[in-house]
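With the numbering used here as the guide, the letters of the sequence shown map in order to residues 511 to 721.
Just so it is clear, CB atoms sit at the ideal spot from N, CA and C, and this is done for glycine as well.
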Amino acid sequence: MKKVLISPSILTLDFSNIQTQCAKLQRDGADWIHLDVMDGIFVPNSTFDWQLVSQVKQAVTIPLDVHLMVVDPINVVDNYAKAGADIITFHMEAAKDVVATIKAIKKSSCKVGISIKPATPVAEIEPYLPLVDMVLVMSVEPGFGGQKFMPSAVERIAQIRALNPDILIQVDGGINTQTAPLVKKAGANVLVAGSAIVNTDNWEKAISNLR
Ligand code: DX5
Ligand code: ZN
């Protein structure tokens with residue numbers, strides 16, 4: 511496996527043309543595609559559902575990394591798994607029963623990610639680390655692309671890395687060529703980036719610069 515994986519967020523792309531653009535992201539070196547699902551309840555914005563995931567699945571062969579920002583994620587796990595998700599990440603703050611949600615994702619044959627918002631103490635996910643494949647550390651308040659990186663994420667990543675040397679640590683929000691080196695040094699190995707890739711006119715260069 512490459513040392514650091516890049517998972518471009520499609521949040522600000524034109525959804526009417528999503529298959530062509532995701533195929534281009536794959537050609538330009540993306541390791542995964544990051545799909546931000548928002549329900550307008552857990553976060554003050556709503557985006558798309560599993561139907562878009564299923565469209566993207568038809569356009570690429572790289573893993574689909576689905577970031578569920580929805581309340582009661584357990585209720586939709588099967589829809590996203592059937593649509594072609596490879597990794598399903600949910601917010602522990604949004605789940606009534608965290609262990610049951612992890613089990614439901616495993617049962618669907620997807621890899622499991624668990625995410626925490628910037629204000630949630632790292633200690634709260636510690637008990638779940640042995641049960642999941644990936645932890646997603648949010649470095650902005652979830653809801654919108656293009657926000658400023660919160661430096662507190664660096665220490666949070668380092669704390670999780672100290673607890674587990676092997677787990678995938680993904681970081682999401684405000685990742686660019688300035689912030690990527692800081693999070694990598696702290697132990698992150700999957701970088702989500704939206705604006706730092708899709709708002710440039712050379713996606714291939716933007717992806718390789720982040721890596
Ligand atoms: C925010 C989303 C992010 C966002 C990242 O809630 O989870 O994936 O699209 O966008 P940038 O890289 O522009 O901060
Ligand atoms: Zn995301």
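### Query
Considering only the beta carbon of each residue, do residue 581 and residue 694 sit closer than 8 Å?
no
### Message
Below 8 Å on the Cβ atoms is my contact criterion, and I expect residue 639 with residue 674 to pass it. Report the Cβ-Cβ distance as a whole number of Å.
### Response
5 Å
### Message
Would you call the segment 570-577 in contact with the segment 537-557, where contact means no fewer than 3 C-beta pairs closer than 8 Å?
### Response
yes
### Message
As a quick exercise: from 688, 618 and 604, pick the residue whose alpha carbon is nearest that of residue 597.
### Response
618
#### Entry: Residue of 620, 708 and 721 minimising C-alpha distance to residue 592
620
### Query
Which value, in whole angstroms, describes the spacing of the CA atoms of residue 630 and residue 651?
11 Å
### Query
Skipping 5 residues on each side, what residues in its chain have a beta carbon closer than 7 Å to that of residue 523?
531 and 708
### Query
Do you know whose CA, among 659, 697 and 688, lies nearest residue 716's CA?
688
### Task
Kindly indicate which three-state DSSP category residue 511 falls into: helix, strand or coil?
Confidence at residue 511 is low in this model, with a pLDDT of 45, below 50, so its placement is unreliable and no value can be given for it.
### Task
Return yes when the Cβ of residue 604 is within less than 8 Å of the Cβ of residue 552, no when it is not.
yes
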